[in-house]
Ligand code: C5P
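In the numbering used here, the protein residues as written are 8 to 254.
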């Protein structure tokens with residue numbers, strides 16, 4: 008039986024990653040604005056468009072997740088966040104990502120900077136990229152399972168005062184147990200047809216329904232939408248699939 012939450016406003020749980028040119032981003036936004044709750048902007052779009060893109064999203068009344076995965080010394084992260092949050096149009100920013108491996112001091116400094124700002128978006132910590140598997144962790148000197156590493160980084164992020172973490176659909180359950188109910192999980196690597204063998208880079212991939220059923224608060228989808236011949240149709244299909252989730 009479907010849970011009563013199943014059809015619950017899935018559109019506000021789906022983050023559309025716009026790793027495209029400004030022209031394509033504008034086209035996708037114009038075609039999906041009524042269906043997409045949140046858009047994600049990372050270096051691919053920002054490097055071409057710059058901070059001007061914030062004015063566009065603010066003008067659209069859209070919420071934006073800025074996915075820069077800040078990972079630097081605390082002072083640099085503090086100054087970067089301050090610059091971001093005073094940019095015209097920054098009222099559109101819903102969330103900002105930081106890399107949890109930047110450490111506790113970097114994370115708490117970011118939280119203080121955000122708390123002091125006029126506009127205060129959520130801060131999300133990236134744990135282990137969804138493109139990595141255990142053997143990749145091993146190669147960078149991390150000798151524990153992906154799940155154990157993600158759990159450790161999620162607890163660190165929560166202790167530092169972040170609002171949630173980015174993880175794969177395989178780890179939401181362990182984070183739910185380790186962290187408070189209010190602590191959010193955002194899951195990239197979401198595909199209508201989740202077959203890791205088909206993916207060139209993402210390894211820990213899940214379907215929208217599996218991610219939500221596993222406890223994900225938000226799903227992040229990029230290529231499945233922006234590479235589709237009809238991004239709107241694909242977004243509708245993803246939302247339909249997400250709405251079938253049993254929780
Ligand atoms: O195209 P695809 O759906 O794989 O895009 C996923 C998006 O989520 C990309 O913009 C990627 O940079 C981002 N992301 C990720 N894994 C993380 C954090 C962010 O794939 N751990």
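Think of the CB as a built atom: it goes at the ideal place given N, C-alpha and C, for glycine as much as any other residue.
Asked                                                                                                                                                                 : Found
Which of helix, strand or coil does DSSP assign to residue 229?                                                                                                       : coil
Along the chain, where does the alpha helix (DSSP H) that runs through residue 24 open and close?                                                                     : It is not in any alpha helix (DSSP H) - residue 24 instead sits in the beta strand (DSSP E) that spans 21 to 24.
Consult DSSP for residue 75 and reduce its assignment to one of helix, strand or coil.                                                                                : strand
Note down, in chain order, each residue of its chain lying with its Cβ closer than 7 Å to the Cβ of residue 248, except the 5 sequence neighbours on either side.     : 199, 214, 215, 216
Quick one: what's got a C-beta closer than 6 Å to residue 160's C-beta in the same chain, skipping five residues either side?                                         : 107, 134
Confirm, please, whether the CB-CB distance from residue 99 to residue 77 is below 8 Å.                                                                               : no
Tell me the residue span of the beta strand (DSSP E) that contains residue 18.                                                                                        : Careful: residue 18 lies outside any beta strand (DSSP E) and carries neither H nor E.
Alpha carbon to alpha carbon, how far is residue 62 from residue 102? Give it in angstroms, no decimals.                                                              : 16 Å
Considering only heavy atoms of the ligand C5P, does any lie closer than 7 Å to the CB of residue 136?                                                                : yes
In chain order, which alpha helix (DSSP H) runs of at least 4 residues are fully inside the segment 72 to 149?                                                        : 81 to 92, 111 to 123, 141 to 146
Give me whichever residues DSSP pairs with residue 192 in a beta bridge.                                                                                              : 172
Between residue 23 and residue 46, which are expected to be in contact by the criterion C-beta below 8 Å, what is the C-beta distance as a whole number of angstroms? : 5 Å
Identify the residues that DSSP records as bridge partners of residue 47: which are they?                                                                             : 24, 72
Answer yes or no: do residue 226 and residue 218 have a C-beta to C-beta separation smaller than 8 Å?                                                                 : yes
Considering residue 60, what are the terminal residues of the alpha helix (DSSP H) in which it resides?                                                               : 59 to 67
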